[in-house]
Amino acid sequence: MTDECPRPPWKMDWTVEALQEFESMPEDGKQLVLAARAELITVLDPYYRGIDADSSLPHWITVRPLASTNPGGPHIADLAGGRGWLVFTFIRRHADPQITVTDAFWA
Numbered sequence: 575m576t577d578e579c580p581r582p583p584w585k586m587d588w589t590v591e592a593l594q595e596f597e598s599m600p601e602d603g604k605q606l607v608l609a610a611r612a613e614l615i616t617v618l619d620p621y622y623r624g625i626d627a628d629s630s631l632p633h634w635i636t637v638r639p640l641a642s643t644n645p646g647g648p649h650i651a652d653l654a655g656g657r658g659w660l661v662f663t664f665i666r667r668h669a670d671p672q673i674t675v676t677d678a679f680w681a
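Add 574 to a position in the sequence shown, counting from 1, and you land on the number used in this note's numbering.
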């Protein structure tokens with residue numbers, strides 16, 4: 575065992591409801607959600623990306639706290655200018671950090 579902090583790629587899990595929403599999306603929505611997933615699981619910190627928070631993200635995704643009063647809590651990834659979103663929480667456990675998606679939507 576090493577004392578080194580875990581690094582990406584992070585695990586991603588879905589609540590039953592969020593997975594059902596994802597599975598019922600049209601194919602174009604699913605593809606954007608999967609692309610957003612790839613972005614989220616490969617960054618060092620899915621919550622904090624620095625001063626230019628979204629500069630390294632594709633133009634169709636923005637990530638922000640769900641509530642400005644809780645910057646360490648759930649975050650929302652807005653997709654395609656608001657056509658869809660993922661609500662997720664990044665759990666920073668030392669041994670097994672992961673992202674949990676609690677809501678998925680596509681219009």
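Using N, Cα and C, we set each Cβ at its ideal position, and we do this for glycine too.
Query                                                                                            : Result
Helix, strand or coil at Ala681 [DSSP, three-state]                                              : coil
Cβ neighbour criterion (16 or more within 10 Å) applied to Gly658                                : buried
Member of Pro648, Ala654 and Leu653 whose CA lies at the smallest distance from the CA of Val563 : This structure cannot settle anything about residue 563, because the visible part of the chain is limited to 575 through 681.
Distance, Pro671 Cα to Ile615 Cα                                                                 : 11 Å
Ala651 - DSSP class collapsed to helix/strand/coil                                               : strand
Euclidean distance between Cα positions of Thr636 and Ala651                                     : 6 Å
For Ile673, the nearest candidate out of Thr589, Cys579 and Glu578 (CA to CA)                    : Thr589
Leu606 vs Leu653 beta-carbon contact at 9 Å                                                      : yes
Cβ neighbour criterion (16 or more within 10 Å) applied to Glu578                                : exposed
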